[in-house]
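Peer 1:
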Amino acid sequence: MDPDPTPTAVYGVDFSAAERSAGASTWVARCVADGDALVVDDLSSASEFLGLDSTARGDVLPALADRLGAVEGPAVAGLDFPFGLPAWVLGDDDWRAFVEGTPDRWGVLGDVDGPRGLYDAVEAAAETDGRPRRRATDDEHGGQAPAGFRIKTQTYYGISVLLRRLVGHEGVAVPPVLPASEPGLTVLETYPASVFDRLPGADRTGYKGDQRRHVEARRRNVAALRDAGVRFGDDAARDCAVATDDALDAVAAAVAAARNYPDALDAEYGEPERLEARIYA
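Going from the sequence shown to my numbering is simple: count from 1 and add 883.
This is the structure we're talking about:
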């Protein structure tokens, strides 16, 4: 595989699985590469990006998967939620079979009736059998356990709705778990905190919230992104990234996607990455 080093478009998605407000809380950054710069061409909520009146999870997530799956490639998208669970959960499945089996079956966990059921099943196995709650990539990047209490809902719907629908589109690659020959869309798991951890002058934590100190931290992160080659297409997009941490994280996810494309397609991977997925920062 010899992918084009410059994708036609770069997408960053800060993901929310809130039942009624996923479309308002999920943000999408659409960017274009301009030499060494990444230009934020559009920064909007998922409902705005998709042109939907609804913000409901059941309307927004399938539509977002279909929109991304139909982009003209080669393109790359960074999505901010766990793409997998610890390898033991998959049992004898490969990653694609595991994802396609959800939400009816979650590997060796069997039937899971929702995010809380996923949390309870993983916790029970961890307590009784000494199974790990986190993936190798979570340990590497300081990420949370995918089925942990705080992000169980993102993981449940991110995998069983967004990813399951995305991989049904032809020409979608998800390194390192799903290769594709000449993919139209390359999808990478990202973690904005890890992106900011690697940017001089940025704050990994302390930028989420409405107090003045949170706004100032976001302002520093925007400045760090600009120093790293990110350009905002207009002042409104820049101001939005300062005002809203979800919008800022969408830009960070796009930066991670652009930074790791196309090396992610050509890298050699071993276990457990081919089962658990990995974070690209």
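For every residue, glycine included, the Cβ atom is placed at its ideal position computed from N, Cα and C.
Touch check for the region 1031-1048 and the region 1113-1130: three-plus C-beta pairs under 8 Å?
Peer 2: Verdict: no, contact absent.
Peer 1: Is it true that the CB of residue 1036 sits closer than 9 Å to the CB of residue 901?
Peer 2: By one-based count along the sequence shown, residue 901 stands at place 18. By one-based count along the sequence shown, residue 1036 stands at place 153. Yes, Cβ-Cβ distance for residue 901 and residue 1036 is below 9 Å.
Peer 1: Output the distance between the C-alpha atoms of residue 1143 and residue 957, rounded to the nearest integer angstrom.
Peer 2: Residue 1143 sits at position 260 when you count from the first residue of the sequence shown. Residue 957 sits at position 74 when you count from the first residue of the sequence shown. Those two C-alpha atoms are separated by around 14 Å.
Peer 1: How about residue 1085 and residue 1071: do their beta carbons lie closer than 9 Å?
Peer 2: Here residue 1085 is taken as the residue at index 202 of the sequence shown, counted from 1. Here residue 1071 is taken as the residue at index 188 of the sequence shown, counted from 1. Contact flag unset, no.
Peer 1: DSSP three-state call for residue 910: helix, strand or coil?
Peer 2: By 1-based counting over the sequence shown, the position of residue 910 is 27. Three-state result, residue 910: strand.
Peer 1: How close, in whole Å, do the beta carbons of residue 954 and residue 974 come, if the pair is a contact with beta carbons under 8 Å?
Peer 2: Start at 1 with the first residue of the sequence shown, and residue 954 comes out as number 71. Start at 1 with the first residue of the sequence shown, and residue 974 comes out as number 91. Not confirmed; about 33 Å, so no contact.
Peer 1: Does the contact criterion of 3 or more C-beta pairs under 8 Å hold for the region 1056-1065 versus the region 1143-1155?
Peer 2: The region 1056-1065 vs the region 1143-1155: in contact.
Peer 1: Roughly how many angstroms separate the alpha carbons of residue 996 and residue 1075, rounded to a whole number?
Peer 2: The residue you call residue 996 lines up with position 113 of the sequence shown. The residue you call residue 1075 lines up with position 192 of the sequence shown. Taking the straight line from one Cα to the other gives about 29 Å.
Peer 1: Quick check: residue 1014 and residue 1027, are their CB atoms within less than 9 Å of each other?
Peer 2: Your numbering for residue 1014 matches position 131 in the sequence shown. Your numbering for residue 1027 matches position 144 in the sequence shown. Going by C-beta atoms, residue 1014 is not nearer than 9 Å to residue 1027.
Peer 1: Do residue 980 and residue 1049 have their beta-carbon atoms positioned less than 9 Å apart in this structure?
Peer 2: The sequence position of residue 1049 within the sequence shown is 166, counting from 1. The sequence position of residue 980 within the sequence shown is 97, counting from 1. Not a contact, by the Cβ cut-off of 9 Å.
Peer 1: Who does residue 1073 pair with in a DSSP beta bridge?
Peer 2: Your numbering for residue 1073 matches position 190 in the sequence shown. Answer is 1163, bridged to residue 1073.
Peer 1: For residue 894, count neighbouring Cβ atoms within 10 angstroms of its own Cβ and tell me buried if that reaches 16, exposed if not.
Peer 2: For this step, residue 894 is matched to residue 11 along the sequence shown. With 16 or more other Cβ atoms within 10 Å, it is buried.
Peer 1: Across which residues does DSSP place residue 925 in a beta bridge pair?
Peer 2: Along the sequence shown, one-based indexing puts residue 925 at 42. Residue 925 pairs with 913.
Peer 1: Give every residue of the same chain whose Cβ lies closer than 8 Å to the Cβ of residue 1032, excluding the five residues on either side of it in the sequence, and list them in chain order.
Peer 2: Along the sequence shown, one-based indexing puts residue 1032 at 149. Same-chain partners within the cutoff: 1002.
Peer 1: If you compare alpha carbons, which of 1069, 1111, 1068 is closest to residue 1083?
Peer 2: Here residue 1083 refers to the residue found at position 200 when the sequence shown is read from its first residue. For residue 1083, the nearest C-alpha among the options comes from 1111.
Peer 1: Run the CB neighbour count on residue 1041, radius 10 Å, all protein chains shown included, and call it buried at 16 or more, exposed below.
Peer 2: By one-based count along the sequence shown, residue 1041 stands at place 158. So residue 1041 ends up on the buried side.
Peer 1: Is residue 961 closer than 9 Å to residue 896 when the C-beta atoms are compared?
Peer 2: Within the sequence shown, the letter at position 13 stands for residue 896. Within the sequence shown, the letter at position 78 stands for residue 961. Yes; because the gap between Cβ atoms is below 9 Å, this pair is in contact.
Peer 1: Out of 934, 938, 965, 1157, which has the shortest C-alpha to C-alpha gap to residue 950?
Peer 2: Looking up residue 950 in the sequence shown gives position 67. Out of 934, 938, 965, 1157, 934 has the C-alpha closest to the C-alpha of residue 950.
Peer 1: Residues in its own chain within less than 7 Å of residue 924 by CB, not counting five upstream and five downstream?
Peer 2: In the sequence shown, residue 924 corresponds to position 41, counting from 1. 913, 914, 915, 1116.
Peer 1: From the DSSP output, which residues share a beta bridge with residue 894?
Peer 2: As a working mapping, residue 894 is identified with position 11 in the sequence shown. Paired residue(s): 913, 960.
Peer 1: Counting only the same chain and skipping the five closest in sequence on each side, list residues whose C-beta sits under 8 Å from that of residue 898.
Peer 2: As a working mapping, residue 898 is identified with position 15 in the sequence shown. Closer than 8 Å at the Cβ level, and outside the excluded window around residue 898, lie 909, 962, 963, 964, 1037, 1041, 1045.
Peer 1: May I have a chain-ordered list of the alpha helix (DSSP H) segments no shorter than 4 residues that lie completely inside the region 971-1010?
Peer 2: Qualifying alpha helix (DSSP H) stretches, in chain order: 978-984.
Peer 1: Check this for me: beta carbons of residue 1010 and residue 1030, under 9 Å apart or not?
Peer 2: Walking along the sequence shown from the start, residue 1010 turns up at place 127. Walking along the sequence shown from the start, residue 1030 turns up at place 147. Not in contact: residue 1010 and residue 1030 (Cβ atoms no closer than 9 Å).
Peer 1: For residue 927 versus residue 911, is the C-beta distance shorter than 9 Å?
Peer 2: For this step, residue 927 is matched to residue 44 along the sequence shown. For this step, residue 911 is matched to residue 28 along the sequence shown. Taking 9 Å as the Cβ cut-off, residue 927 and residue 911 qualify as a contacting pair.
Peer 1: Who are the near neighbours of residue 905 in its chain, counting only those whose CB is closer than 6 Å to its CB and skipping five residues on each side?
Peer 2: Residue mapping note: residue 905 aligns to position 22 of the sequence shown, counting from 1. Excluding sequence neighbours, residue 905 sits near 899, 940, 943.
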